[in-house]
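Before any comments, here is the structure.
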Amino acid sequence: MVQQTESIWFDGKLVPWDEAQVHVLTHTLHYGMGVFEGIRSYKCANGGSSVFRLKEHVDRMLGSAKILRMEIPYSSEQLVDAIIETLMANKMDEGYIRPLSFIGCGAMGVHPGDNPVQTIIATWPWGAYLGDGALEKGIRVKTSSFTRHHVNVMMTKAKVSGNYVNSVLAKMEAVQDGYDEALMLDAQGYVSEASGENIFIVRGNLIKTTPLTSILEGLTRASLITLARDLGYEVVEQQFTRDEVYVADEAFFCGTAAELTPIREVDNRVIGEGKAGPIAIKLQQEFFKIVKGENLAYESWLHRYSL
Ligand code: PPE
102 MVQQTESIWF DGKLVPWDEA QVHVLTHTLH YGMGVFEGIR SYKCANGGSS
152 VFRLKEHVDR MLGSAKILRM EIPYSSEQLV DAIIETLMAN KMDEGYIRPL
202 SFIGCGAMGV HPGDNPVQTI IATWPWGAYL GDGALEKGIR VKTSSFTRHH
252 VNVMMTKAKV SGNYVNSVLA KMEAVQDGYD EALMLDAQGY VSEASGENIF
302 IVRGNLIKTT PLTSILEGLT RASLITLARD LGYEVVEQQF TRDEVYVADE
352 AFFCGTAAEL TPIREVDNRV IGEGKAGPIA IKLQQEFFKI VKGENLAYES
402 WLHRYSL
């Protein structure tokens, strides 16, 4: 169960958690046309808190809406302010932030007509997304029987609610089969991403991640590419196959919720030594220092606030 907080920001106002409700004929409930974000805030070692890459997340959400031709009636600055207002109202010095814009009631039928575009911002505490011990020990992964979206079937650069039916199917299958997460292949058969994460592999000193073609442009992925290069590693964005993952020295997933989660097994093949690899550990440590405000070189990625 999600851990309740006090208030949810709903179309410009904070309302009590239980009162943040919609009608059953809300268009998005039927047709999946909604855009959302997942953002994390962290308590900083030196006091206060910071939201990681807040403006970039808000801008990605506005980009998702543009792709869907949904008109969100708020500017980037207004959404940033509303997110901070919600965190403050909920007295959250760290946690997960979920803005969502959706098409409300009015016309039914596939065409959304001029139904209003509504926006909510919820926040709640969220621990290790892929389970206890996942960040330290790594997880077991299975290649999904479900193909990731084709770029002209769904809009893969947009974080669209409806896109996640594919993720939910893959995730349920993986969990039912006793794995922690699903690895998804694109329509050509190359590795794409997981149900809610991007993927990296390491072979020797080379770090590889999939090109942006059919995946969500993950902000954690982008941050880790920059961080790894700053640490002196060579990083390439290049297609690879599932069997290249099998013979990788290391593999890991990344995302806002999953942070940097090492992969210790794929399709019953042990990856590397079957535990978090040295490069994954190094990047994870440095990543946590950055998000917790301990590495001032990356201060521009943080939006600081204090309760
Ligand atoms: N791919 C997908 C499909 C995805 O959903 C996410 C985030 C990413 C990549 C990584 O993106 P970024 O967070 O910008 O690094 N998934 C969000 C949803 C999780 C959920 O269960 O809901 C997240 O991590 O917040």
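Per the numbering used here, residue 102 is the first one in the sequence shown, and the count goes up by one each step. All C-beta atoms, glycine included, are put in the ideal place defined by N, C-alpha and C. The structure displayed is predicted, hence computed values, not measured ones.
(Q) In this structure, how does DSSP classify S108 when only helix, strand and coil are distinguished? (A) Start at 1 with the first residue of the sequence shown, and residue 108 comes out as number 7. The answer is strand: DSSP assigns S108 an E or B state.
Going by DSSP, what residue range makes up the alpha helix (DSSP H) through R330? In the sequence shown, counting from the first residue as 1, residue 330 sits at position 229. First-last of the alpha helix (DSSP H) with R330: L320 to D331.
Would you mind listing the alpha helix (DSSP H) stretches within the segment 245 to 278 that are 4+ residues and don't spill past its ends, in chain order?
265 to 277
Thinking just about the alpha-carbon of each residue, which of V392, C206, R141 and R154 is nearest to the one in L126?
The count along the sequence shown starts at 1 and reaches residue 126 at position 25. If we check each option's Cα against that of L126, C206 comes out closest.
Within 10 angstroms of the Cβ of L231, are there 16 or more other Cβ atoms? Answer buried if so, exposed if not.
By 1-based counting over the sequence shown, the position of residue 231 is 130. By the neighbour-count rule (16 or more Cβ atoms within 10 Å), L231 is buried.
Tell me which residues pass a beta-carbon proximity test against ligand 1: closer than 5 Å to any heavy atom, given in chain order. G139, E294, G297, N299, L317, G319, L320, T321, G356, T357 and A358
Original post:
Where do the N-terminal and C-terminal ends of the alpha helix (DSSP H) with A235 fall, by residue?
Top reply: For the purposes of this step, residue 235 is taken as residue 134 along the sequence shown, with counting starting at 1. Segment A235 to K238, the alpha helix (DSSP H) holding A235.
Looking at the strands, I want to know which residues DSSP matches up with Y143.
Position 42 of the sequence shown, counted from the start, is the residue given in the question as residue 143. Looking at the DSSP assignment, Y143 forms a beta bridge with S151.
- Skipping 5 residues on each side, what residues in its chain have a beta carbon closer than 7 Å to that of D112? Taking the sequence shown and counting its residues from 1, one reaches residue 112 at position 11. Answer for D112: Q219 and T220, listed in chain order.
When we look at the beta-carbon of N216 and count the other beta-carbons within 10 Å, is it buried (16 or more) or exposed?
-> Working through the sequence shown from its first residue, we reach residue 216 at position 115. By the neighbour-count rule (16 or more Cβ atoms within 10 Å), N216 is buried.
(Q) Out of S293, A349 and G378, which one is the CA nearest neighbour of R322? (A) Numbered from its first residue, the sequence shown carries residue 322 at position 221. The shortest C-alpha separation from R322 is found at S293.
* Asked: Expressed to the nearest angstrom, what Euclidean distance is found between the alpha-carbon atoms of E400 and H251?
  -> Counting from one through the sequence shown, the residue named residue 400 turns up at place 299. Counting from one through the sequence shown, the residue named residue 251 turns up at place 150. Rounded to the nearest angstrom, the two C-alpha atoms are 36 Å apart.
Quick one: what does DSSP say I302 is sitting in, helix, strand or coil? What you label residue 302 is simply residue 201 of the sequence shown in a count that begins at 1. The answer is strand: DSSP assigns I302 an E or B state.
Notebook entry, point to check: In its own chain, which residues sit with a C-beta less than 8 Å from the C-beta of K156, not counting the 5 before and 5 after it?
Noted result: One-based indexing of the sequence shown puts residue 156 at position 55. Contacts found: S177, V181 and H404.
**Request:** Determine, using beta carbons only, whether E274 and S246 come nearer to each other than 8 Å.
**Result:** Taking the first residue of the sequence shown as 1, we reach residue 274 at position 173. Taking the first residue of the sequence shown as 1, we reach residue 246 at position 145. Contact flag set, yes.
*Grab me the residues of E195's own chain with a C-beta within less than 8 Å of its C-beta, minus the 5 sequence neighbours each way, in chain order.*
For this step, residue 195 is matched to residue 94 along the sequence shown. Closer than 8 Å at the Cβ level, and outside the excluded window around E195, lie R141, S142, Y143, K144, S150 and P226.
Practice item. Please name the residue in T342, V336, L361 and P117 whose C-alpha comes closest to that of I240. Key: Looking up residue 240 in the sequence shown gives position 139. Here the closest residue by C-alpha is L361.
Q. So, using beta-carbon positions, are V392 and F153 closer together than 8 Å?
A. Taking the first residue of the sequence shown as 1, we reach residue 392 at position 291. Taking the first residue of the sequence shown as 1, we reach residue 153 at position 52. Yes, the Cβ-Cβ distance between V392 and F153 is below 8 Å.
Return yes when the Cβ of E351 is within less than 8 Å of the Cβ of I380, no when it is not. Against the sequence shown, residue 380 aligns to sequence position 279. Against the sequence shown, residue 351 aligns to sequence position 250. Yes, the pair counts as a contact, with Cβ atoms nearer than the cut-off.
Backbone CA spacing between I253 and S315 [nearest angstrom]: Position 152 of the sequence shown, counting from 1, holds the residue named residue 253. Position 214 of the sequence shown, counting from 1, holds the residue named residue 315. With the sequence shown as reference, residue 253 is identified as Asn, and Ile is not the correct amino acid for it. So the two alpha carbons sit approximately 10 Å from each other.
Margin query: Let me check understanding here. Comparing Cα to Cα, which of T224, Y406, I364 and A295 lies closest to G319?
Written below: The residue labelled residue 319 in the question sits at position 218 within the sequence shown. Comparing Cα positions, the closest option is A295.
**Asked** Between the C-alpha atoms of V159 and I173, what's the straight-line distance to the nearest angstrom?
**Response** Walking along the sequence shown from the start, residue 159 turns up at place 58. Walking along the sequence shown from the start, residue 173 turns up at place 72. V159 and I173: Cα-Cα distance of roughly 11 Å.
> Thinking just about the alpha-carbon of each residue, which of R304, Y132, N299 and K243 is nearest to the one in G279?
Replying inline: For the purposes of this step, residue 279 is taken as the residue at position 178 of the sequence shown. With distances taken between Cα atoms, G279 lies closest to K243.
I believe E387 touches L307 by the beta-carbon criterion, under 8 Å. Please report the beta-carbon distance rounded to the nearest angstrom. Along the sequence shown, read from residue 1 onward, the residue named residue 387 stands at position 286. Along the sequence shown, read from residue 1 onward, the residue named residue 307 stands at position 206. Contact flag wrong, Cβ pair sits at about 18 Å.
Apart from the five residues just before and just after V211, which ones in its own chain have a Cβ nearer than 8 Å to its Cβ?
-> Taking the first residue of the sequence shown as position 1, residue 211 is located at position 110. Same-chain partners within the cutoff: Y132.
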